[in-house]
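Novice: One structure is given below, represented as structure tokens, and several questions about it will come after.
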Amino acid sequence: MAKNCLNINLPIYEKKDDIIASLDMYDTIIIEAETGSGKSTQVPQYLYEAGYNVIVTQPRRIACITLAERVSEEMDDSSIVGYKTAFESSYTKDTRILFCTDGLQMARGLKKEALNNTILVLDEVHEWNVYMETIVAWIRKFREDGNKLKVVLMSATMDTYELADFYSYQSPVGVFIIEGRNHEVKIIEQRGSHDFEDYAPIVNEYARQHKNILMFEAGQREINETIQVINETLKKSSEYIILPLHSELSSQEQKKCFLSYPGKSKIVVGTNIAQTSITIPDIDVVIDMGTEKRLEVHDGVEELCTHDISKADCMQRAGRAGRTKDGIYVLCSDVKLKNREEYPVPEIQRLCIDSVVLRLASVGINAEEMKFFHQPDKQKIKDSIKKLFDLDALDSLGQITFIGKKMSKLPTSARSARMLIESAIHGCTDEIAKIVAIQETGSLLNFNVMKKRGDDRFTFMDHISYRDFVNEYDSDLIAELLIFNLILSKQIGLNTKGIHGKNFRRVNSIYNKLVSILTNMDFFVEQNIDTDLSSKKESILRCIFQGNKDNLHKVTEMNKIGSFKKERNSCVHLKDFAVGFSKTIPYNNKFREKRKINILNNITTFTKEQVNKFKIEMEDDISCCS
663 MAKNCLNINL PIYEKKDDII ASLDMYDTII IEAETGSGKS TQVPQYLYEA GYNVIVTQPR
723 RIACITLAER VSEEMDDSSI VGYKTAFESS YTKDTRILFC TDGLQMARGL KKEALNNTIL
783 VLDEVHEWNV YMETIVAWIR KFREDGNKLK VVLMSATMDT YELADFYSYQ SPVGVFIIEG
843 RNHEVKIIEQ RGSHDFEDYA PIVNEYARQH KNILMFEAGQ REINETIQVI NETLKKSSEY
903 IILPLHSELS SQEQKKCFLS YPGKSKIVVG TNIAQTSITI PDIDVVIDMG TEKRLEVHDG
963 VEELCTHDIS KADCMQRAGR AGRTKDGIYV LCSDVKLKNR EEYPVPEIQR LCIDSVVLRL
1023 ASVGINAEEM KFFHQPDKQK IKDSIKKLFD LDALDSLGQI TFIGKKMSKL PTSARSARML
1083 IESAIHGCTD EIAKIVAIQE TGSLLNFNVM KKRGDDRFTF MDHISYRDFV NEYDSDLIAE
1143 LLIFNLILSK QIGLNTKGIH GKNFRRVNSI YNKLVSILTN MDFFVEQNID TDLSSKKESI
1203 LRCIFQGNKD NLHKVTEMNK IGSFKKERNS CVHLKDFAVG FSKTIPYNNK FREKRKINIL
1263 NNITTFTKEQ VNKFKIEMED DISCCS
């Protein structure tokens, strides 16, 4: 039996008995509690103590893992608490409290008869990522079909009463508003731009007072630049330790931020990954640029764009201070707190929702018939259904296919999942897994370095040219695969100018995890590091085609693909057809007129003969699977 180590000093503890008692009265319980109240660590323990199995969803991998470890430590029983993310897991048949990043995947694996003794806890509801929208909608539909399921929704900042109304038509909803925190946070607003030079004096002042600082930057590039300037300003003094925190770091690297460094001022520079559900011990000061990078859809493709964060996000970030002691929150921005939007725009209303449609189809639900908390545009749902139909994941009636069921189990985009499914037919799963890992991460080449050199040909070594690879294989993606294998075989070193070392390590990590997942799904993965891909070129092209056939463009006589403009240093010799992903970039024409154009990147080209051949093969394969 797990040890009872509940923290009686946390504000949430005052409501412990009321929360447990309400489980007999309500199927839905909403807990709005300030950051630092203890809800994320304590409520799962309360529910376990009441005799329930508990599934806790978290929006981010690092929060999922750190909370599981924290609760396990408090309960002094590692067998009771576990976690599951897209690429990592640690749980057993004895696990009773499971933290995960995708509640729907876990819920659908439960037998209906077991659900009566299971509670879903949706933490940090305010973030409203597509997975949160999906599970919230699925719960409502699941209950409409006559099933019972108890749910607890938690956040410090959310549309509490609107959410209560969303479920109350089915049965009464219990609402707990828990005010107060153990430690105060002083809020300071400092005008300035997003340039580090504008707020460097603030960092220097608190660092020299030996304060531990958490800084929020928009993205990884901004983090690296800020760390460089801090090192220069503080002259790399041994009195300070400066640590990055973002999603592309490994779990081991991320955990360095949670350690104490006696006698040193700790300065953590992170993205919004540090915004919710995690506690970095002994943080005294939060310095916030007030921005974040959000995915948005432009020209049918998701792109990262920088935006000002909402009031709710500011309060979440402020809550990273004042967890174990009084703290300070400094907002460094020209946009005042009072002038910001109350909440961010939900992902489901600004992103492609292929994953939502597919995951709902995997549990027998047509997305067009769903009631979402933030209802997406009907046309967006229709577009996703059409795309999944083109990718063979849905049939003409919107029902999930054999291929779609396999795709829904993979933690990737729909296109990447379709490529992986196709790879099993053509014996190139290892190669496609590497390509998918590269797509999920980013290029292995540091184009900023190459541009500084002024090379038109994107040459990153004297004897190796990216263009040469592309011309040989007709595909940016295969060229990246070859570069990956060349690094693995040590024919190219990570210190080679032009190689993006961090991206390689991230790609390699995702690739190895993908291989593990595919193996568990009974895929045959023959791992290799071939540097001659000529024998597998045709098979790889087939897989790329099947995963992107909804994105196939006809190349015109003017070498245009839609609004694609072939530039002087384009690495691809365009053929009859091509797939690629458009990107909008600023462009100065010969008259120095500033405008935006769309170009295609990650291009793979096909001849007319190849397209016809692959289409025929596709039809044969689908008929065999039907």
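Numbering (my numbering), first residue to last: 663 to 1288.
By construction, the Cβ of each residue, glycine as well, lies at the ideal position given by its N, Cα and C atoms.
Treat the numbers as computed from the prediction; the structure is a model and nothing was measured.
Starting from the C-beta of Glu1084, find all residues in its chain whose C-beta is less than 7 Å away, skip the five residues before and the five after it, and write them out in chain order.
Specialist: Cβ neighbours of Glu1084 beyond the five flanking positions: Arg1204, Cys1205, Gln1208 and Gly1209.
Novice: On the criterion of 16 or more Cβ atoms from any shown chain inside 10 Å, does Glu1255 qualify as buried, or is it exposed?
Specialist: For Glu1255, the predicted structure reports a pLDDT of 46, less than 50, and the residue's modelled location is therefore unreliable. The matter cannot be settled from this model.
Novice: Buried or exposed: Lys848, going by 16 or more other Cβ atoms within 10 Å of its Cβ?
Specialist: Label assigned to Lys848: exposed.
Novice: Take Leu905 and list the residues in its own chain whose beta-carbon comes closer than 8 Å to its own, dropping the five residues that flank it on each side.
Specialist: Hits under 8 Å: Lys918, Cys919, Lys928, Ile929, Val930 and Val931.
Novice: Counting only beta-carbon atoms, is Leu782 nearer than 7 Å to chain B?
Specialist: Note that chain B does not occur in the displayed structure, where there is just one protein chain.
Novice: Just the C-alpha distance for Thr968 and Gln852, rounded to the nearest angstrom, thanks.
Specialist: Using only the alpha carbons, I get a separation of about 20 Å.
Novice: Among Glu1200, Ile1265 and Asp1212, which residue has its Cα nearest to the Cα of Glu1271?
Specialist: Checked all of Glu1200, Ile1265 and Asp1212; the closest Cα to Glu1271 is Glu1200.
Novice: Which residue wins for smallest C-alpha separation from Glu1009, given the options Lys1277, Ile692 and Glu795?
Specialist: Glu1009 has its Cα closest to that of Glu795, out of Lys1277, Ile692 and Glu795.
Novice: Put Glu1271 into one of helix, strand or coil per three-state DSSP.
Specialist: Helix.
Novice: May I ask which residues mark the beginning and end of the beta strand (DSSP E) holding Tyr991?
Specialist: Run containing Tyr991: Gly989 to Cys994, per the beta strand (DSSP E) assignment.
Novice: Check the C-beta distance from Thr986 over to Pro943 and give it rounded, since I have them as a contact under 8 Å.
Specialist: Confirmed, Cβ separation roughly 6 Å.
Novice: Can you tell which of Phe1166, Lys1277, Ala936 and Lys998 has its C-alpha closest to the C-alpha of Pro721?
Specialist: The option with the nearest alpha carbon to Pro721 is Ala936.
Novice: Going by C-alpha distance, which of Ile1191, Leu672 and Thr703 is nearest Ile940?
Specialist: The shortest Cα separation from Ile940 among Ile1191, Leu672 and Thr703 belongs to Thr703.
Novice: Less than 8 Å between the CB atoms is what I'm expecting for Asp970 and Val997, so what's the real figure, rounded?
Specialist: Going by Cβ atoms, the distance from Asp970 to Val997 rounds to 5 Å, so yes, they are a contact pair.
Novice: What first and last residue would you give for the beta strand (DSSP E) that runs through Glu851?
Specialist: Counting along the chain, the beta strand (DSSP E) containing Glu851 begins and ends at Val847 to Gln852.
Novice: In the DSSP assignment, find the unbroken alpha helix (DSSP H) run with Gly1163 in it and report its ends.
Specialist: Start and end: Gly1163 to Asn1182.
Novice: Give me the Cβ distance between Ala1289 and Lys1033, rounded to the nearest whole Å; I'm assuming they're in contact under 8 Å.
Specialist: In this structure the chain extends from 663 to 1288, so residue 1289 is not present and cannot be described.
Novice: Decide yes or no for the touch test of the segment 948-957 against the segment 867-878: beta carbon pairs closer than 8 Å, at least 3 of them.
Specialist: Verdict: yes, contact present.
Novice: With a threshold of 8 Å, are at least 3 pairs of Cβ atoms found where one atom belongs to the segment 1063-1078 and the other to the segment 1175-1187?
Specialist: Touching, per the Cβ criterion.
Novice: In angstroms, rounded to a whole number, what distance separates the CA positions of Glu676 and Gly700?
Specialist: Those two C-alpha atoms are separated by around 11 Å.
Novice: Quick one: Cα of Asp1212 to Cα of Val891, how far?
Specialist: Distance between the alpha carbons of Asp1212 and Val891 is about 45 Å.
Novice: For Ile801 and Ile1161, what's the separation of their Cα atoms in angstroms?
Specialist: Computed Cα separation, rounded: 46 Å.
Novice: Between which residues of its own chain and Cys726 is the CB-CB distance below 7 Å, once the five residues before and five after are set aside?
Specialist: Closer than 7 Å at the Cβ level, and outside the excluded window around Cys726, lie Gln720, Tyr745, Thr747, Phe761, Cys762 and Thr763.
Novice: Can you name, in chain order, every residue of its own chain whose Cβ lies under 7 Å from the Cβ of Ala1079, other than the five neighbours on each side?
Specialist: Excluding sequence neighbours, Ala1079 sits near Met1069 and Leu1072.
Novice: So Met794 is in the alpha helix (DSSP H); what residue range does that whole segment cover?
Specialist: Val792 to Glu806 is the extent of the alpha helix (DSSP H) around Met794.
Novice: Assuming Leu1139 and Thr953 make a contact with CB atoms under 8 Å, what is their CB distance in whole Å?
Specialist: Their Cβ separation, rounded to whole angstroms, is 32 Å, which puts Leu1139 and Thr953 out of contact at 8 Å.
Novice: Would you list the residues sitting across from Val718 in a DSSP beta bridge?
Specialist: Partner(s): Phe761 and Val783.
Novice: Would you call the segment 1050-1060 and the segment 1089-1107 in contact, with 3 or more CB pairs under 8 Å?
Specialist: Judged by Cβ distances under 8 Å, the segment 1050-1060 makes no contact with the segment 1089-1107, as fewer than three pairs qualify.
Novice: Please report how far the alpha carbon of Tyr1005 lies from the alpha carbon of Leu957, in whole angstroms.
Specialist: Their backbone Cα atoms lie some 16 Å apart in a straight line.
Novice: With DSSP as the reference, label Pro1248 as helix, strand or coil.
Specialist: Residue confidence is low: Pro1248 scores 49 on pLDDT, short of 50, so the model does not pin down where it sits. No coordinate-derived value is stated.
Novice: Do you know whose CA, among Glu806, Asp756 and Val813, lies nearest Leu604's CA?
Specialist: Outside the displayed range of the chain (663 to 1288) lies residue 604, so it cannot be described from this structure.
Novice: Is the beta carbon of Ala730 sitting closer than 7 Å to the one on Ile682?
Specialist: In this structure, Ile682 does not lie closer than 7 Å to Ala730 by Cβ.
Novice: Does DSSP classify Ser1046 as helix, strand or coil?
Specialist: Ser1046 falls in the helix class under three-state DSSP.
Novice: In the DSSP assignment, find the beta strand (DSSP E) that holds Tyr708 and state where it starts and stops.
Specialist: Where Tyr708 is concerned, there is no enclosing beta strand (DSSP E), although the alpha helix (DSSP H) it sits in stretches over Lys701 to Glu711.
Novice: Count the other CB atoms, across all protein chains shown, that sit within 10 Å of the CB of Gln1296; report buried if there are 16 or more and exposed otherwise.
Specialist: One cannot answer for residue 1296 here, as it falls past the ends of the chain, which runs 663 to 1288.
Novice: Where do the ends of the alpha helix (DSSP H) carrying Glu694 lie?
Specialist: It is not in any alpha helix (DSSP H) - Glu694 instead sits in the beta strand (DSSP E) that spans Thr690 to Ala695.
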